[in-house]
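Asks: Chains A and B, in that order, give the protein sequences. Quick note on our numbering: the first sequence kicks off at 1 and runs consecutively. Quick note on our numbering: the second sequence kicks off at 233 and runs consecutively. Backbone N, C-alpha and C fix where the C-beta goes; we use that ideal spot for every residue, glycine too. What you are looking at is a predicted structure, and each value in this text was computed from that prediction instead of being measured. Here you go, one structure.
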Amino acid sequence: MTIHQTGLGPTAYPRMHPLVLRLMHWTNAVAMIVMILSGWKIYNDDVLFGILHFPDDIVLGIWAQHALQWHFLGMWVLGINGLAYLAYGLASGRFRRLLLPLSPRQVLQQVIDALRFRLQHADLVNYNAVQKTLYIGIILVGILQVISGVAIWKPVQFSWLIALFSNFQDARLVHFIGMSLIVLFLLVHVTLALLVPKTLIAMLTGGPRIGASSSHTDGALAVARPAPDHSP
Amino acid sequence: MSVRRPFTSRFRPRDVPDRSILTEHRAVIRDISRRRLLTGVLSLGGLSMLTGCNVSDRSSVQRVLRSVSGFNDAVQGWLFDPDKLAPTYAASQVVKPPRFNAYYDVEDVNPVDIGSWKLELAGLIKDKRPWTLQQIYALPEQEEIIKHICVEGWDYIGQWSGPRLKDFLTLVGADLHAKYVEFHGNDDYMESIDMASALHPQTILATKYAGEPIGDPYGFPLRLRTAVKLGYKNPKWIRAIVVTNTYNVGFWEKQGFNWFAGL
């Protein structure tokens, strides 16, 4: 059945980004920024790489203890909100719908397209292979950050977590690498959202309403539009 | 296996000013940072309102941050398993000499005059007679090769020996159901730990490092060494131990570091 044949009005269809999803997205965004900026200040206290010291102007925390205070506040927001986001994504089917299937050949082709500025971006409601890769990636790295962070926080109580990373210093290194990957993701994600502003607006106001369409044989979603003649 | 040479950032100045300037003028220095906020706002837009300049120090923000820190102390206490032992290491991994650290430089260490030193006891303790170093040496020793982890992020493996704190507290009739055990240093340093951590099997009153009496820069004649706390909860140059149910603010807690500080 097409959207038109169901007889349901367009407002019965959910938005691409439901309100609860948008709230969690922006909460995650703020929490991640707090974690990164305070994390940089914590890093400064005992640098892993001699050439890298984050400038005081951009870190969160005047002294080390402030950075730790922010980090230990942000961890609750990120942890609880992050868990809620994962639970929602899995339970509602959103992850399955948007992030799968993912084919390595498609990824390769579309990365090349992207680098040539030819990646299609007209379709707001179906993710391309580059998006799927990045979003699956950020979820996995986010989980890794929480695990490595908890290991650093409690290296004796959770010594078995430290063992996953060999030792305390290597857990710090993993945590640093995870941060670097998240920062890289943010640079790409924010840049692309600004280059295609309707995606940013969609994450603020919800985007188009969506429903399944029989005209797409691969199960892709279509934007719900009102039937041309709706009156009985 | 994981002894790392500490990195010094190229950006860190070689010659640093006398630390006492910092302590005396902390308020002024913070004020100067606050003024940098005005120029900082121009550089990073809205985000810079959150940056190093002053938000962290505003009293309303500090109130929130400190109360979350207090909540985290409770969570840490709940997470603490009194039977969980910290990993131990091989004698070949022990760093000699140990790494120096204090809130001042090694040149400013004021060695304890052992001729007049006694370990004083106070608070909820039945036998408050002071102890000489020889009396402490006579107690059964436990040796441990454990990792010292600093809140800054560096660590090293060291070897300490001395009587278990639990045995010592039992010997002097301390109230083992009291909340806090305080350690007062010879240098105006005070830190307290929770009783559960004080009674942990890997918490000792260390008199020796790598088999020799602890050196002057590293806490002679006595330091606390516990495997379940960050470095700053292991006071050096101890001159008094107090068992109490009253929370007294420690040296680093005054500045906003968390009290529980458990590993």
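Could you give the DSSP three-state label for Thr439/B: helix, strand or coil?
Replies: Correct three-state label for Thr439/B: coil.
Asks: Is the Cβ-Cβ distance between Phe95/A and Leu134/A less than 8 angstroms?
Replies: Not closer than 8 angstroms, so no.
Asks: Just how far apart, CA to CA, sit Val183/A and Gln110/A?
Replies: Their Cα atoms are separated by approximately 22 angstroms.
Asks: Do we get a CB-CB distance below 8 angstroms when we pair Ala323/B with the residues of chain A?
Replies: It does not: the Cβ of Ala323/B has no partner Cβ on chain A nearer than 8 angstroms.
Asks: Please classify Gln391/B: is it buried, with 16 or more other beta-carbons within 10 angstroms of its beta-carbon, or exposed?
Replies: With 16 or more other Cβ atoms within 10 Å, it is buried.
Asks: With DSSP as the reference, label Val460/B as helix, strand or coil.
Replies: Coil.
Asks: Using C-beta distances below 7 angstroms, list every residue in its chain close to Thr476/B, excluding the 5 sequence neighbours before and after it, in chain order.
Replies: Here the set comprises Gly355, Leu356, Ala410, Tyr412 and Glu414.
Asks: Would you tell me roughly how many angstroms separate the C-alpha atoms of Gln366/B and His175/A, rounded to the nearest one?
Replies: C-alpha separation (whole angstroms): 46 angstroms.
Asks: Who are Glu414/B's beta bridge partners in DSSP?
Replies: According to DSSP, Glu414/B bridges with Ser424/B and Val474/B.
Asks: Under the assumption that Ala318/B contacts Val156/A (Cβ atoms under 8 angstroms), give the Cβ distance between them as a whole number of angstroms.
Replies: Ala318/B to Val156/A, Cβ: 4 angstroms. Contact.
Asks: Assuming contact is defined by CB atoms lying nearer than 8 angstroms, are Ala438/B and Gly394/B in contact in what I supplied?
Replies: Contact: yes.
Asks: Taking only three categories from DSSP, how would you classify Asp387/B?
Replies: DSSP places Asp387/B in strand when its eight states are reduced to three.
Asks: For a test of the three-state rule: what should DSSP assign to Ala318/B, helix, strand or coil?
Replies: In this structure, Ala318/B counts as coil in the three-state DSSP scheme.
Asks: Given a threshold of 16 other Cβ atoms within 10 Å of its Cβ, counted over all protein chains shown, does Leu115/A qualify as buried or as exposed?
Replies: Burial call: exposed.
Asks: Output the boundary residues of the beta strand (DSSP E) element that contains Val223/A.
Replies: Leu221 to Val223 is the span of the beta strand (DSSP E), which, as asked, contains Val223/A.
Asks: Could you pull out every residue in the same chain whose Cβ sits closer than 8 angstroms to the Cβ of Pro208/A, ignoring the five residues on either side in sequence?
Replies: Excluding sequence neighbours, Pro208/A sits near Arg15, Met16, Leu124, Val125, Ala202, Val223 and Ala224.
Asks: In chain order, what residues of the same chain have a beta carbon less than 8 angstroms from the beta carbon of Thr402/B, not counting five sequence neighbours either side?
Replies: Excluding residues within five positions, the ones whose Cβ falls inside 8 angstroms are Leu408.
Asks: Please work out which residues of its chain come closer than 6 angstroms, Cβ to Cβ, to Lys379/B, disregarding the five sequence neighbours upstream and downstream, and give them in chain order.
Replies: Cβ neighbours of Lys379/B beyond the five flanking positions: Asp387 and Ile389.
Asks: Is Ala87/A near Met24/A, with beta carbons less than 8 angstroms apart?
Replies: Going by C-beta atoms, Ala87/A is not nearer than 8 angstroms to Met24/A.
Asks: Relative to the alpha-carbon of Leu164/A, which residue among Lys154/A, Trp153/A, Ser92/A and Ser148/A has its alpha-carbon at the smallest distance?
Replies: Nearest option by C-alpha distance: Ser148/A.
Asks: Are the CB atoms of Gln308/B and Phe489/B nearer to each other than 8 angstroms?
Replies: No, Cβ-Cβ distance for Gln308/B and Phe489/B is not below 8 angstroms.
Asks: Which residue spans inside the region 48–99 of chain A form an unbroken alpha helix (DSSP H) run of at least 4?
Replies: You should have 64–91 and 94–99.
Asks: What does the Cβ neighbour count give for Trp40/A, buried or exposed, with the cut at 16 atoms within 10 Å?
Replies: With 16 or more Cβ atoms within 10 Å of its Cβ, Trp40/A is classed as buried.
Asks: With 8 angstroms set as the bound, which would you pick, yes or no: does the beta-carbon of Ser148/A sit closer than that to a beta-carbon of chain B?
Replies: Judged by the 8 angstroms Cβ criterion, Ser148/A is not in contact with chain B.
Asks: Considering only the beta carbon of each residue, do Ile368/B and Leu351/B sit closer than 8 angstroms?
Replies: Yes, the Cβ-Cβ distance between Ile368/B and Leu351/B is below 8 angstroms.
Asks: Quick check: what's the CA-CA separation for Tyr421/B versus Val404/B?
Replies: Roughly 23 angstroms between the two C-alpha positions.
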